[in-house]
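K.L.:
For the first sequence, our numbering gives the first residue as 9, with consecutive numbering after it.
Think of the CB as a built atom: it goes at the ideal place given N, C-alpha and C, for glycine as much as any other residue.
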Amino acid sequence: MYTLKRDDLLGLEGFAGKKADNLLASIQQSKQQPLARLLTALGIRGVGEVMAGDLTRYYSDLDQLSRATSDDLQLIEGVGPNTAQAIVDWFSRPANRKILDKLRSAGVWPIVSQETTSDTSKGNLAGMTFVVTGTMADFTRQGVKEYIESRGGKVIDSVSKNTSYLVLGENPGSKAEKARSLGIPILSEGALRQLAGE
DNA sequence: TCGCCTCGAGTTCA
DNA sequence: CTCGAGGCGA
């Protein structure tokens, strides 16, 4: 694999020393993403953001995961025969093994990340589950999620009777209706902050 | 068999 | 962002 050199950049217009250094540093930085993030990007059927996070709690790098059998995987909460098989199949494909080789030789080989063990025992929202619908004024969706999770709450994306609160924004979808019919308490953005103790 | 939850793809809007 | 499909656990 060809590795971009600092001198390559210096030949380009507009790339004086500092800018070149910044770019190279930025590229290096991009290789330091959490394992769960890379796992999601592999495109294994049934493995999205949440599943990937769960998997990294049991397997701390791709080598370990690639050696897992279907039975091993099914011991994990939320992983059944179907998903387990999809994972085993993915790692058995020669084309995918090549991808892994390339990642490894490019230095993209994350091990388990710092995050995710967000202990749910702390924070004002501990033990509560939230569903967010509509658009928030002061938050991006990711932002609301982080806000809630950092205070011990959990964010899921469909309303059920287990949902503690529905956080309602502008232009809500069908979730608002469902929450109402289930008698789920509805929170405005401000009410959420209040509940969180702001 | 059913309800809950995640995934994944389609839509809409700035 | 929404919403339907389908996997998983009970």
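To the nearest angstrom, how far is the alpha carbon of Ile95 from that of Arg53?
P.N.:
As a first step, residue 95 must be located in the first sequence, where it is residue number 87. As a first step, residue 53 must be located in the first sequence, where it is residue number 45. The alpha-carbon atoms of Ile95 and Arg53 are separated by roughly 8 angstroms.
K.L.:
Helix, strand or coil: which one does DSSP assign to Phe186?
P.N.:
Counting from 1 along the first sequence, the entry for residue 186 is found at position 178. The sequence as given places Lys at residue 186; Phe does not occur at that position. Three-state result, Lys186: helix.
K.L.:
Roughly how many whole angstroms lie between the Cα atoms of Ala24 and Glu57?
P.N.:
As a first step, residue 24 must be located in the first sequence, where it is residue number 16. As a first step, residue 57 must be located in the first sequence, where it is residue number 49. Straight-line Cα distance between these residues: approximately 39 angstroms.
K.L.:
Check the DSSP bridge columns for Lys162 and list the partner residues they point to.
P.N.:
Against the first sequence, residue 162 aligns to sequence position 154. In the DSSP output, where bridge partners are listed per residue, Lys162 has Thr137.
K.L.:
Would you check if the distance between the CB atom of Thr137 and the CB atom of Thr171 is smaller than 9 angstroms?
P.N.:
Taking the first sequence and counting its residues from 1, one reaches residue 137 at position 129. Taking the first sequence and counting its residues from 1, one reaches residue 171 at position 163. Result yes, Cβ atoms of Thr137 and Thr171 sit closer than 9 angstroms.
K.L.:
Give me whichever residues DSSP pairs with Ile95 in a beta bridge.
P.N.:
Taking the first residue of the first sequence as position 1, residue 95 is located at position 87. According to DSSP, which records beta bridges pairwise, Ile95 is partnered with nothing at all.
K.L.:
Quick check on the burial criterion: 16 or more other C-beta atoms within 10 angstroms. Buried or exposed for Leu47?
P.N.:
Mapped onto the first sequence, residue 47 falls at position 39. Result: buried.
K.L.:
To the nearest whole angstrom, what separates the beta carbons of Leu133 and Gly151, a pair I think is in contact under 8 angstroms?
P.N.:
As a first step, residue 133 is located in the first sequence; it is residue number 125 there, counting from the start. As a first step, residue 151 is located in the first sequence; it is residue number 143 there, counting from the start. So it is not a contact: roughly 15 angstroms between Cβ atoms.
K.L.:
With respect to the beta strand (DSSP E) encompassing Tyr173, which residues constitute its N-terminal and C-terminal limits?
P.N.:
For the purposes of this step, residue 173 is taken as residue 165 along the first sequence, with counting starting at 1. From DSSP, the beta strand (DSSP E) with Tyr173 extends over Tyr173 to Leu176.
K.L.:
Looking only at DSSP bridge pairs, what is Ile194 linked to?
P.N.:
For the purposes of this step, residue 194 is taken as the residue at position 186 of the first sequence. BP columns for Ile194 point to Leu174.
K.L.:
Buried or exposed: which applies to Met9, given that a residue is buried once 16 or more other Cβ atoms fall within 10 Å of its Cβ?
P.N.:
Taking the first sequence and counting its residues from 1, one reaches residue 9 at position 1. Exposed, by the Cβ-count rule.
K.L.:
Return the chain-ordered list of same chain residues with a C-beta closer than 8 angstroms to the C-beta of Thr193, the five sequence neighbours on each side being excluded.
P.N.:
Counting from one through the first sequence, the residue named residue 193 turns up at place 185. A quick correction: the sequence has Pro, not Thr, at residue 193. Cβ within range, chain order: Ser172, Tyr173 and Leu174.
K.L.:
Let me know if Ala33 comes out buried or exposed under the rule of 16 or more other beta-carbons within 10 Å of its beta-carbon.
P.N.:
Sequence index remark: in the first sequence, residue 33 carries index 25 (1-based). Burial call: exposed.
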